[in-house]
Structure formats: C-alpha cells, structure tokens
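Undergrad:
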Amino acid sequence: FIKAVKDEPLPMADRAAENTRLKKDYPKLFFDTANDAVWIKGPVGDDALAVHPTDRNGKKDMSAWSTEKTEAAMADYRQACDEGADAVRVILKGLSAKLATRLPEMINAITFCL
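My numbering puts the first residue of the sequence shown at 4, with every later residue one more than the last.
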C-alpha cells in the first residue's frame with residue numbers, strides 16, 4: 004500500500020505542482036478517513052495515470068484524484084482489514100461463550116471484592 008502511494012500519486016502530485024504557479028493551487032496528498040483512502044486534492048493537469056477514485060458508497064469523487072494501481076492497493080488493504088476484524092470477532096464470540104458459563108461466579112467475585 005505504501006509502495007503504491009510512493010510510486011504513483013506522490014510523483015503525480017509533484018509533476019502537477021511544477022506546472023502550477025500559485026501555491027494555493029498546488030495538489031495536496033491527503034488521507035480521507037471516511038473512505039480509508041489516500042487521494043490527491045487539487046489540479047493534476049493532464050496526467051495519463053490520473054483517475055477519479057470511487058468512495059465507500061461507490062460514487063466517483065470528482066474533487067479527488069488517484070491512480071488505478073493505488074486504488075487496487077487500497078482495496079487490498081481494506082479487504083485485509085475487514086478479514087482481520089472478522090477474525091477478531093470470531094475469537095471474541097468464542098471467548099464470550101466460554102465465559103458465559105462462569106458469569107454467576109464472576110459477578111459474585113466482583114461484588115465481594117468491593
């Protein structure tokens with residue numbers, strides 16, 4: 004994921020910044036927390052690698068830019084995060100089931116320790 008960001012969006016933003024005269028118009032690399040994505044905001048010129056990324060709702064974000072390689076790497080990252088969360092959920096449910104048989108004893112122990 005980090006390699007994909009270093010290989011394409013960073014150089015793309017740098018090339019666009021070289022062609023921009025006003026500092027306020029420089030493209031900026033940012034992390035979108037709502038979409039778990041690294042995108043470029045601002046003009047990128049006519050870079051052949053540039054595409055408008057898709058947000059978490061499946062809509063194209065016309066105010067942001069990315070590359071196909073970066074989008075694929077981010078999709079893999081999101082899938083790995085989802086698989087990790089699912090694995091943790093299964094382990095916690097199993098632990099919860101094991102502790103459920105001992106719940107009355109745990110409540111008594113907590114009550115008398117106070």
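Cβ coordinates follow ideal geometry from the N, Cα and C atoms, glycine included. None of these values were measured; they are calculated from a predicted model.
Report the three-state DSSP secondary structure of S66 (helix, strand or coil).
TA: Here residue 66 is taken as the residue at index 63 of the sequence shown, counted from 1. Coil, per DSSP.
Undergrad: How close, in whole Å, do the beta carbons of A40 and P56 come, if the pair is a contact with beta carbons under 8 Å?
TA: Here residue 40 is taken as the residue at index 37 of the sequence shown, counted from 1. Here residue 56 is taken as the residue at index 53 of the sequence shown, counted from 1. Contact flag correct, Cβ pair sits at about 6 Å.
Undergrad: Just the Cα atoms here: how many angstroms apart are N120 and A90?
TA: As displayed, the chain neither begins before 4 nor continues past 117, which places residue 120 out of reach and without an answer.
Undergrad: Mapping the DSSP letters down to three states, classify T36 as helix, strand or coil.
TA: The residue given as residue 36 occupies position 33 in the sequence shown. T36: coil per DSSP, three-state reduction.
Undergrad: Taking D79 as part of the alpha helix (DSSP H), name the residues at either end of that continuous run.
TA: Mapped onto the sequence shown, residue 79 falls at position 76. Its alpha helix (DSSP H) spans residues E71 to A103.
Undergrad: Rounded to a whole number of angstroms, what is the C-alpha to C-alpha distance between D50 and N38?
TA: For the purposes of this step, residue 50 is identified with residue 47 of the sequence shown, where counting begins at 1. For the purposes of this step, residue 38 is identified with residue 35 of the sequence shown, where counting begins at 1. Taking the straight line joining both Cα atoms gives about 23 Å.
Undergrad: Report yes if the CB atom of K72 is closer than 8 Å to the CB atom of A7, and no otherwise.
TA: In the sequence shown, residue 72 corresponds to position 69, counting from 1. In the sequence shown, residue 7 corresponds to position 4, counting from 1. Against a cut-off of 8 Å, the Cβ pair of A7 and K72 comes out as a contact.
Undergrad: For M65, collect the residues of the same chain with a Cβ closer than 6 Å to its Cβ; drop the 5 residues on either side in sequence, then sort them by chain order.
TA: Against the sequence shown, residue 65 aligns to sequence position 62. Excluding residues within five positions, the ones whose Cβ falls inside 6 Å are H55.
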